[in-house]
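Undergrad: Below you'll find the structure I mean.
Number of protein chains: 2
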Amino acid sequence: MTDTLAALYPVLRQLPADLAVRVEREIQAMTVPAGTVLFDERQPCQGFPFVLSGGIRVVKLAANGRELPLYRVLPGESCIITSSCLLGHADYNARGVTESETALVLMPRALFDQLLAQPAFRDFVFHLFSERIAELMQLVEEVAFRKLDQRLAGLLLGRGRQLHVTHQQLADELGSVREMVSRLLKGFADQGLVRLGREQIEILDPAGLRRIAG
Amino acid sequence: MTDTLAALYPVLRQLPADLAVRVEREIQAMTVPAGTVLFDERQPCQGFPFVLSGGIRVVKLAANGRELPLYRVLPGESCIITSSCLLGHADYNARGVTESETALVLMPRALFDQLLAQPAFRDFVFHLFSERIAELMQLVEEVAFRKLDQRLAGLLLGRGRQLHVTHQQLADELGSVREMVSRLLKGFADQGLVRLGREQIEILDPAGLRRIAG
DNA sequence: CCGGCAATGTGACATTGGTCACTGAGACCG
DNA sequence: CGGTCTCAGTGACCAATGTCACATTGCCGG
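First to last, the protein sequences are chains Z and R. One gets our numbering by counting positions in the first sequence from 1 and adding 1211 to each. One gets our numbering by counting positions in the second sequence from 1 and adding 1211 to each.
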């Protein structure tokens, strides 16, 4: 297991021996089914997750139960919110849910703090921070300025010609509702941009979609 | 001037002598009037700004010319977008405008990269990153889920009993338009929450506003 | 083949926020 | 005092999105 961990997070190979031992000893491995809530708003932050397989969706919750995905944590990546909480000693301000069965190891807070003293590890977290920032900015722009059809068109692109997905799943991704997605997709189909089937969307005109996405 | 700089950014005092000399030699001081665009979307990132006085408003632009403030950079703080761009070698994805006459020094990119090798300086940037993350999350939540009256009520709070501000300024802050703000404020006034005057808003019932803000 | 479930289609309507086009009210200045 | 700003108030209207209530469709297990 530690091999898998180091393969996905090579930065851990650069630790001095004493810390490497502590990592081996103190991390907690676990495998959780899809849909597990790993952390939630207002919870204190217990430790830092390294994802080995599967993935975590980090979402903001609305009052009425709808939610908006902020980003995903895939194997080899890090959870920026957790980093921020651990550094700022603040509580979580979003929810993390597994998207599929997920294997991960949890590093206790104290050890995480120790590792941050290591330049290599600090750089690792640092660069993941800076990468996510731009994504978050992009997200702000999207929800603040872009209309739903633009966002939907963007969502359909870059995933191949054939998508296996329900309208509900697309709506969740956009923080919207199924009916809107159905209507917009119908509009796309009427324009000849896509062909629709049950749990199936075939992209006929990527350029057209890109034009709508703007 | 270097004294002022070090007073606001004490981390610079912890640099080794050779780097301290380079800082002194290579930074560019400038004073710019209010409303100056310091950087803009799609521009490459020239260097890292240290704000000595005044302040920078960082905004995202909409297609129709409206804009949404992301955050402000005040003396002693750092510009997270700039850090992100410098680290990721990417272009800016927002605009930075001075809010008032602003004195700042610009550190060239090469020197910034050098300084990042210093643990103290890296930690400085690091913590500013983590602080801003939560703010950005908050912003996403606001624009995605909160209604304008809630956001306006929130904006009025925590600034004292008497605000000297035009409706237009409030609208700009919310990324909205004057008419909406006028209407909502009228509503607040009708409920006895505020009293309105020219460029003047008196908070009569902070608790009531807080209730609306949610 | 049938019953039932999940996915989808659709129309009517409500709400929110923005746009346009004004009017009116103070403030300031010659 | 009259002219001219900026700021604020307001009504009519529109576009986008969400909500509700169903109808429909296709698939799958029994």
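All residues carry an ideal CB built from backbone N, CA and C; glycine is no exception. Just so it is clear, the structure is predicted and the values come from calculations on it, not from any experiment.
1) Sort out for me which residues DSSP pairs valine 1316 of chain R with in a bridge.
2) With DSSP run on the structure shown, which of helix, strand or coil describes glutamate 1410 of chain R?
3) Measure from the alpha carbon of leucine 1327 of chain R to the alpha carbon of each residue in R:Leu1226, R:Val1316, R:Asp1214, R:Pro1221, then state which is nearest.
4) Anything in chain Z within Cβ reach of serine 1341 of chain R, meaning under 7 Å, just list it in chain order.
5) Considering just the uninterrupted stretch of the beta strand (DSSP E) at proline 1280 of chain Z, what are its terminal residues?
6) Hey, quick one: how far does the beta strand (DSSP E) through lysine 1397 of chain R stretch, first residue to last?
7) Could you name the residues of the same chain whose beta carbon sits closer than 8 Å to that of alanine 1273 of chain Z, not counting the 5 residues immediately before and after it, in chain order?
8) What residues match up with lysine 1271 of chain Z in a beta bridge as DSSP calls it?
9) For a test of the three-state rule: what should DSSP assign to threonine 1377 of chain R, helix, strand or coil?
10) Can you tell me whether DSSP reads leucine 1249 of chain R as helix, strand or coil?
11) Whose Cβ in chain R lies nearer than 7 Å to the Cβ of glycine 1386 of chain Z?
12) Comparing alpha-carbon positions, which option in Z:Phe1332, Z:Phe1399, Z:Glu1410, Z:Ala1382 lies nearest proline 1417 of chain Z?
13) Between Z:Glu1346, Z:Glu1235, Z:Asp1229, Z:Met1391, which lies nearest to alanine 1305 of chain R when the distance is taken from Cα to Cα?
14) Should the segment 1313-1327 of chain R be regarded as contacting the segment 1220-1240 of chain R, the criterion being three or more beta carbon pairs within less than 8 Å?
15) Name the chain R residues whose beta carbon is nearer than 8 Å to that of proline 1255 of chain Z?
16) Closer than 9 Å by beta-carbon distance: list the chain Z residues that pair up with alanine 1345 of chain R, in chain order.
17) So glycine 1307 of chain R is in the beta strand (DSSP E); what residue range does that whole segment cover?
18) What residues in its chain sit with their C-beta under 6 Å from that of methionine 1378 of chain R, if we drop five residues either side in the sequence?
19) Ignore the nearest five residues each way along the sequence and tell me which others in arginine 1428 of chain Z's own chain have a CB closer than 8 Å to its CB.
20) What is the C-beta distance between methionine 1178 of chain R and phenylalanine 1261 of chain R, in whole angstroms, given that I count them as a contact (C-beta under 8 Å)?
21) Tell me valine 1405 of chain Z's beta-bridge partners as DSSP assigns them.
22) Using three-state DSSP, classify glycine 1266 of chain Z as helix, strand or coil.
23) Please say whether glycine 1369 of chain Z and alanine 1424 of chain Z have beta carbons closer to each other than 8 Å?
24) Taking glutamate 1384 of chain R as the reference, give the member of R:Leu1263, R:Leu1367, R:Ile1412, R:Gly1371 with the closest Cα.
25) Is it buried or exposed for alanine 1355 of chain R, if we count other Cβ within 10 angstroms and need 16 for buried?
26) Does cysteine 1296 of chain R come out as helix, strand or coil in the three-state DSSP assignment?
27) Would you identify the three-state DSSP class for serine 1289 of chain R, choosing helix, strand or coil?
28) Whole angstroms are fine: how far does the CA of serine 1341 of chain R sit from the CA of leucine 1281 of chain R?
29) What residues in the segment 1249-1274 of chain R bring their beta carbon closer than 9 Å to a beta carbon of chain Z?
30) Does chain Z have any CB closer than 8 Å to the CB of histidine 1375 of chain R?
31) What do you get for threonine 1242 of chain R, buried or exposed, if any count of 16 or more other CB atoms within 10 angstroms of its CB means buried?
32) Taking DSSP as the reference, what is the three-state secondary structure of glycine 1419 of chain Z?
33) What residue range is occupied by the uninterrupted alpha helix (DSSP H) comprising aspartate 1334 of chain R?
34) Taking Cβ-Cβ distances shorter than 8 Å, what residues in chain Z pair up with valine 1351 of chain R?
35) Which residues in chain R sit within 9 Å of proline 1330 of chain Z, going by Cβ to Cβ distance?
TA: Taking the geometry as given:
1) Here residue 1316 of chain R is taken as the residue at index 105 of the second sequence, counted from 1. In DSSP, valine 1316 of chain R forms a bridge with R:Ala1240, R:Phe1261.
2) Taking the first residue of the second sequence as 1, we reach residue 1410 of chain R at position 199. It is coil, neither helix nor strand.
3) Taking the second sequence and counting its residues from 1, the one referred to as residue 1327 of chain R is at position 116. Closest option to leucine 1327 of chain R, Cα to Cα, is R:Leu1226.
4) To locate residue 1341 of chain R, count along the second sequence from 1; it is residue 130. Ordered by position in chain Z, the residues that pass the 7 Å Cβ test against serine 1341 of chain R are Ser1294, Ser1295, Leu1298, Gly1299.
5) For the purposes of this step, residue 1280 of chain Z is taken as residue 69 along the first sequence, with counting starting at 1. Proline 1280 of chain Z -> beta strand (DSSP E) spans 1278-1284.
6) Taking the first residue of the second sequence as position 1, residue 1397 of chain R is located at position 186. First-last for lysine 1397 of chain R: 1389-1401, but that is the alpha helix (DSSP H), not the beta strand (DSSP E).
7) Taking the first residue of the first sequence as 1, we reach residue 1273 of chain Z at position 62. Cβ within range, chain order: Leu1279, Gly1386.
8) Taking the first sequence and counting its residues from 1, one reaches residue 1271 of chain Z at position 60. For lysine 1271 of chain Z, which the question treats as bridged, DSSP gives the partners Z:Leu1279.
9) What you label residue 1377 of chain R is simply residue 166 of the second sequence in a count that begins at 1. The answer is coil: DSSP assigns threonine 1377 of chain R none of H, G, I, E or B.
10) As a position in the second sequence, residue 1249 of chain R is number 38, starting the count at 1. Reduced to three states, the DSSP call for leucine 1249 of chain R is strand.
11) The residue labelled residue 1386 of chain Z in the question sits at position 175 within the first sequence. Ala1355, listed in chain order.
12) Within the first sequence, the letter at position 206 stands for residue 1417 of chain Z. Per the Cα distances, Z:Phe1399.
13) On the second sequence, residue 1305 of chain R is found 94 positions in, with the first residue counted as 1. Out of Z:Glu1346, Z:Glu1235, Z:Asp1229, Z:Met1391, Z:Glu1346 has the C-alpha closest to the C-alpha of alanine 1305 of chain R.
14) yes
15) Against the first sequence, residue 1255 of chain Z aligns to sequence position 44. In chain order: nothing, as chain R lies at least about 14 Å away.
16) If you number the second sequence from 1, residue 1345 of chain R lands on position 134. Those within 9 Å of alanine 1345 of chain R in chain Z are Ile1292, Ser1295, Cys1296, Gly1299, Ala1301, Asn1304.
17) What you label residue 1307 of chain R is simply residue 96 of the second sequence in a count that begins at 1. Note, glycine 1307 of chain R: beta strand (DSSP E), 1306-1309.
18) What you label residue 1378 of chain R is simply residue 167 of the second sequence in a count that begins at 1. This sequence places histidine at residue 1378 of chain R; methionine is not what is there. Answer for histidine 1378 of chain R: Arg1389, Val1392, Ser1393, listed in chain order.
19) The structure shown does not extend to residue 1428 of chain Z, since chain Z is modelled only from 1212 to 1425, so the question has no answer here.
20) The question about residue 1178 of chain R has no answer, for chain R in this structure spans 1212 to 1425.
21) Taking the first residue of the first sequence as position 1, residue 1405 of chain Z is located at position 194. Note: valine 1405 of chain Z sits in a beta bridge opposite Z:Ile1414.
22) As a position in the first sequence, residue 1266 of chain Z is number 55, starting the count at 1. Here glycine 1266 of chain Z sits in coil by DSSP.
23) Stepping through the first sequence from its first residue, residue 1424 of chain Z is reached at position 213. Stepping through the first sequence from its first residue, residue 1369 of chain Z is reached at position 158. No, they are not a contact pair.
24) The residue given as residue 1384 of chain R occupies position 173 in the second sequence. It is R:Leu1367 whose Cα lies nearest to the Cα of glutamate 1384 of chain R.
25) Here residue 1355 of chain R is taken as the residue at index 144 of the second sequence, counted from 1. Burial call: buried.
26) As a working mapping, residue 1296 of chain R is identified with position 85 in the second sequence. Residue state, collapsed to three classes: helix.
27) Position 78 of the second sequence, counted from the first residue, corresponds to residue 1289 of chain R. Serine 1289 of chain R: coil per DSSP, three-state reduction.
28) As a first step, residue 1281 of chain R is located in the second sequence; it is residue number 70 there, counting from the start. As a first step, residue 1341 of chain R is located in the second sequence; it is residue number 130 there, counting from the start. Using only the alpha carbons, I get a separation of about 15 Å.
29) Lys1271, Leu1272, Ala1273, Ala1274
30) The residue labelled residue 1375 of chain R in the question sits at position 164 within the second sequence. Answer no: the Cβ-Cβ gap between histidine 1375 of chain R and chain Z never drops below 8 Å.
31) Here residue 1242 of chain R refers to the residue found at position 31 when the second sequence is read from its first residue. So threonine 1242 of chain R counts as exposed.
32) Here residue 1419 of chain Z is taken as the residue at index 208 of the first sequence, counted from 1. Looking at glycine 1419 of chain Z - three-state DSSP - the assignment turns out to be helix.
33) As a position in the second sequence, residue 1334 of chain R is number 123, starting the count at 1. Taken as a continuous stretch (DSSP letters only), the alpha helix (DSSP H) holding aspartate 1334 of chain R covers 1330-1356.
34) The residue labelled residue 1351 of chain R in the question sits at position 140 within the second sequence. Correct list: Lys1271, Leu1279, Leu1281, Leu1347, Leu1350, Val1351, Val1354.
35) Start at 1 with the first residue of the first sequence, and residue 1330 of chain Z comes out as number 119. Here the neighbours are Ala1328, Pro1330, Arg1333.
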